[in-house]
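The opening position of the sequence shown corresponds to residue 0 in numbering that gives the first Met the number 0, with each subsequent residue numbered one higher.
Glycine is no exception: its CB is placed at the ideal position from the N, C-alpha and C atoms.
As structure tokens, the structure follows; a few thoughts come after it.
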Amino acid sequence: MGQKSSFPKNEIDFLFSWMRTILLTEDEPGIRDTIQIVLESEGFKMIYAMTGKECISLLKESPDLLVLDVGLPDGSGFEILKELRKKNSIPVILLTARESELDRVLGLELGADDYMVKPFSPRELVARIKAVLRRYDGNSEKNKQSFSRMKIVRLSIITVSLYLLLRMSIKRYYYF
């Protein structure tokens, strides 16, 4: 009989728990897919909402940052942001086709951390997400305390794939 592995039962969950989670609320599939590809290649875990209602529901999963479209099918991203700020301090980047100064100022005054106008550069979006997360990480005493003794390692899809391949090889060795 083979030896039992000493790996945790949820290795995948453990690996992905170290990734920063981005909640993207965007109703246009092309934009959503582009952002997904770019952010996942940068090591972010993605969750998606197509409506404001889905967005509010997915906030229970405690994402690290919200990218929010202002023009959603079931209402305004501004209204979602206004309600969100009453009880939540999650970093928010508004991503919208509304380019007037009034809209940009309104979004920032309602509590957005940044505002990007469509069409946008995916590389710039990544840079802005990283900048906002750095600011939040730097200001959060809780994060400073909980991570002060840990070493953070950025995992790529290749690293996770290699880990899974090795994990499968170990299982075969133990069971055969």
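PRO28 sits exposed, since fewer than 16 C-beta atoms from the chains shown fall within 10 Å of its C-beta. Nearest to THR50 by alpha-carbon distance, out of GLN35, VAL37 and THR24, is THR24.
Here SER61 carries a coil assignment [DSSP, helix/strand/coil]. Looking from the CA of LEU65, the closest CA among THR33, ASP73 and ILE55 belongs to ILE55. Put simply, the segment 31-42 does not touch the segment 78-85. Fewer than three CB pairs are less than 8 Å apart. Straight through space, the alpha carbons of GLU108 and ALA126 are spaced by roughly 22 Å.
In the structure shown, the three-state DSSP call for SER120 is coil. Counted as a single uninterrupted DSSP element, the alpha helix (DSSP H) harbouring LYS81 occupies residues 76-84. Taking C-alpha positions only, PHE119 is separated from ASN87 by approximately 27 Å. Look at GLY70 here: in three-state DSSP terms it is strand. Shown here, THR95 sits in a strand according to DSSP, grouped into three states.
In this structure, the straight-line span from the alpha carbon of TYR47 to that of SER61 is close to 13 Å. Residue range 28-40 is occupied by the alpha helix (DSSP H) that includes THR33. Taking a contact as a CB-CB distance under 8 Å, the pair ASP26 and LEU71 counts as one, their CB atoms being some 6 Å apart. Between LEU105 and ASP68, the C-beta spacing is not below 8 Å.
Distance from the CA atom of SER75 to the CA atom of ILE157, rounded to whole angstroms, is 38 Å.
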